[in-house]
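Residue numbers (my numbering): 5 to 740. Just so you know, even glycine gets a beta-carbon here, dropped at the ideal spot from N, CA and C.
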């Protein structure tokens with residue numbers, strides 16, 4: 005009887021583990037195996053449909069994670085994908101950080117709690133519109149290093165970080181009952197160093213083989229021991245699927261990044277239509293895709309100094325969940341219907357290979373042979389009909405005359421009932437939230453000007469201006485350049501000419517008076533810019549000494565990092581005033597000060613603020629550059645509400661450009677720069693809206709950072725706030 009009981013108990017356990025659908029809820033806490041065949045990732049030998057979304061843990065906060073996971077679960081996802089951020093975890097060589105937004109294991113635990121599998125993209129290069137592509141700046145100081153190549157210094161440091169991360173997350177691997185079923189080495193590698201690609205493959209197959217999960221390489225070179233995956237707007241129409249099947253017939257189709265794109269300063273808000281994204285996702289599953297990930301599914305916020313060059317804090321705001329964590333309708337609900345449908349039919353889809361049959365189309369007089377209309381059929385129960393034509397057409401399927409919209413997918417069951425149409429979501433409301441003012445100006449500001457600072461901060465002196473990152477290590481966005489000068493021919497049209505960088509701002513001062521500024525907010529790999537600005541020096545005298553100051557401001561480092569490239573900031577060459585070169589003068593050396601005085605003393609905290617003498621007559625600070633504003637506010641009536649689902653936002657209207665801090669937390673660079681619409685929006689996007697409005701006006705404040713009362717808002721505006729009385733707080737309330 006005992007042996008019979010054991011037999012039935014083991015049979016019950018195996019049945020539960022292997023029954024379809026395979027979910028993490030059924031596996032949680034029990035070791036399981038992960039592998040793959042030509043059709044899908046297999047879990048305990050069962051082909052498993054993976055419907056995934058990218059959620060980056062440092063782009064939100066721990067209190068937000070359970071809510072975001074639940075929203076993903078409700079929408080029909082079963083897998084979470086995230087990068088691992090090297091410069092977040094190891095900002096100084098040999099010192100690791102895994103707390104607060106860097107608490108990777110807590111994030112993995114929240115994913116497990118919600119019943120998700122996890123695809124961990126370690127990299128360690130990630131791109132991701134993240135500062136320096138996720139690589140720590142201290143790598144620049146390693147002698148003879150060359151990034152992402154066969155360079156020994158790079159391989160040694162990359163290997164150590166990857167091994168350290170794998171060791172850190174080992175309890176969360178599938179072999180230990182955890183949610184991690186896939187991992188990634190490198191990211192979008194297309195630099196042609198095959199020896200480096202082979203080395204990545206050997207690292208996976210040797211030292212990382214103990215993970216016992218498949219490893220992937222995306223959108224570029226793929227090592228023999230990894231699965232090649234697609235990043236695209238549409239992996240079917242761009243030909244990737246056909247190429248992959250030909251080159252890697254034993255590998256499944258994995259789509260790691262269906263692009264939602266991102267916003268850059270100076271551009272109007274760009275959107276990818278729900279019909280285009282739905283067409284892409286449905287086409288992928290129709291053609292045999294077994295893993296699909298939205299990049300992003302939830303973009304979140306680039307807090308602090310984490311945004312790459314020229315990228316706004318609100319990241320990928322047009323994807324399924326807005327950057328403030330509210331649903332983006334109709335995308336959220338329309339794709340939810342598709343994902344639940346795919347999950348419902350996953351077993352029949354994965355039980356067979358995809359095959360494509362051309363369908364006839366009506367040319368106005370007869371049914372002609374199709375070229376852009378075709379069928380993917382999965383008997384006995386589900387059929388995908390695709391129109392790839394850039395115009396509506398009629399096509400014929402089982403004697404059913406079907407009118408199809410431009411670039412669309414219809415899904416039918418075996419009784420020819422329409423189950424879903426990628427182009428039809430008329431019943432889903434698109435406006436499901438309203439912005440309600442909760443605190444409006446004028447706030448009772450107090451101000452302090454950085455220009456009045458008698459700085460005793462340490463400085464670095466040299467005959468010539470020095471590149472910024474070698475001094476700041478990107479610990480701050482700001483660096484001061486100072487030296488004494490005499491003017492030879494000051495005029496109302498004097499010229500300041502400077503050699504600087506992309507994604508960099510420069511503010512010029514003479515004896516403490518602001519005389520002009522330059523900014524470049526490009527998101528591009530170019531990093532050298534020579535520019536000239538006209539300044540009015542007619543009120544200054546010749547042959548008299550003046551203090552000349554330049555405040556350099558980094559707008560982030562480009563996220564593309566390649567072999568033998570080192571990003572730079574600040575003054576990277578020479579500077580002239582009216583053709584007078586300011587260099588090589590031992591009597592007037594340059595002084596370089598890292599950061600602002602306010603930053604050094606943490607003016608944005610309660611303790612730091614107490615060290616300063618504030619001016620309560622804030623109106624005198626209007627339009628004054630390099631000025632700190634500070635105010636306290638209460639939120640008693642909101643704290644009891646769900647302000648994760650109905651988030652609080654800073655309305656930055658009336659400010660210009662700078663950083664805003666809530667209770668000591670930097671919510672990122674704000675900028676009320678005007679967004680320009682173009683005729684051809686970038687990449688996967690089809691349109692732009694809010695032309696000539698600020699690129700980003702509202703800035704998300706996480707619940708973790710707010711208190712019922714006595715909250716401290718601190719603003720550093722480098723260009724000068726034009727109307728600080730307009731600043732306030734709003735709440736986005738979801739009405740659906």
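The Cβ atoms of residue 40 and residue 256 lie closer than 8 Å to each other. DSSP places residue 455 in no alpha helix (DSSP H); its state is neither H nor E. When the five nearest sequence neighbours on each side are left out, the beta carbons in the same chain lying within less than 7 Å of the beta carbon of residue 354 are those of 43, 44, 51, 53 and 294, in order along the chain. Inclusion of residue 580 and residue 449 in the CB contact set at 8 Å is not warranted, their separation being larger than that value.
Excluding its 5 nearest sequence neighbours in each direction, residue 494 has C-beta neighbours in its own chain below 7 Å: 541, 542, 544 and 546, listed in chain order. Contact annotation: residue 378 and residue 363 have beta-carbon atoms nearer than 8 Å.
Residue burial annotation: residue 682 is exposed, with fewer than 16 other C-beta atoms found within 10 angstroms of its C-beta.
Measuring C-alpha to C-alpha distances from residue 105 to each of 260, 187 and 670 identifies 670 as the nearest.
For residue 111, the uninterrupted alpha helix (DSSP H) run begins and ends at 108 to 117, by DSSP. From the listed residues 281, 153, 244 and 37, the smallest Cα separation to residue 429 is found for 281. Following the DSSP letters along the chain, one finds residue 162 in no beta strand (DSSP E) but inside the alpha helix (DSSP H) bounded by residues 156 to 173.
Around the beta carbon of residue 615, fewer than 16 other beta carbons lie within 10 angstroms, which makes this residue exposed. Assigned with DSSP and collapsed to three states, residue 360 falls in strand.
Under the three-pair Cβ rule at 8 Å, the segment 269 to 280 counts as touching the segment 410 to 427. Short of 6 Å from the beta carbon of residue 70, and not among the five residues preceding or following it, lie these beta carbons of its own chain, in chain order: 114. In this structure, the CA atom of residue 306 is about 31 Å from the CA atom of residue 215. The shortest C-alpha to C-alpha distance from residue 720 to any of 608, 727, 434 and 160 is the one to 608. The Cβ atoms of residue 654 and residue 733 lie closer than 8 Å to each other.
If you ignore the 5 residues before and after residue 345, its C-beta comes within less than 8 Å of the C-beta of 415, 423 and 424, all in its own chain and listed in chain order. Taking a contact to require three or more Cβ pairs closer than 8 Å, the segment 474 to 494 and the segment 590 to 600 qualify as touching.
The Cβ atoms of residue 692 and residue 685 lie closer than 8 Å to each other. Residue burial is scored here from C-beta neighbours: residue 534 has fewer than 16 other C-beta atoms within 10 angstroms and is therefore classed as exposed. The alpha carbon of residue 740 has as its nearest neighbour, out of 352, 632 and 434, the alpha carbon of 434. If you compare the alpha carbons of 35, 55 and 288 with that of residue 25, the shortest gap goes to 55. Looking at the DSSP output, residue 31 bridges to nothing. In the structure shown, residue 61 falls within a helical segment according to DSSP collapsed to helix, strand and coil.
Contact between residue 241 and residue 315 fails: their C-beta atoms lie close to 27 Å from each other, not under 8 Å.
Counting along the chain, the unbroken beta strand (DSSP E) around residue 50 starts and ends at 50 to 52.
Residue pairing by DSSP places residue 221 opposite 232 in a beta bridge. Nearest to residue 358 by alpha-carbon distance, out of 443, 324 and 288, is 288. When DSSP states are grouped into helix, strand and coil, residue 711 belongs to the coil group.
The beta carbon of residue 441 is closer than 7 Å to those of 732 and 734 in its chain, skipping five residues each way along the sequence. The shortest CA-to-CA distance from residue 699 to any of 729, 660 and 737 is the one to 660. Look at residue 565 here: in three-state DSSP terms it is coil, with no helix or strand label. With a cutoff of 8 Å on beta-carbon distance, residue 193 and residue 243 are scored as not near each other. Annotation for residue 248: the continuous alpha helix (DSSP H) segment containing it runs 244 to 251.
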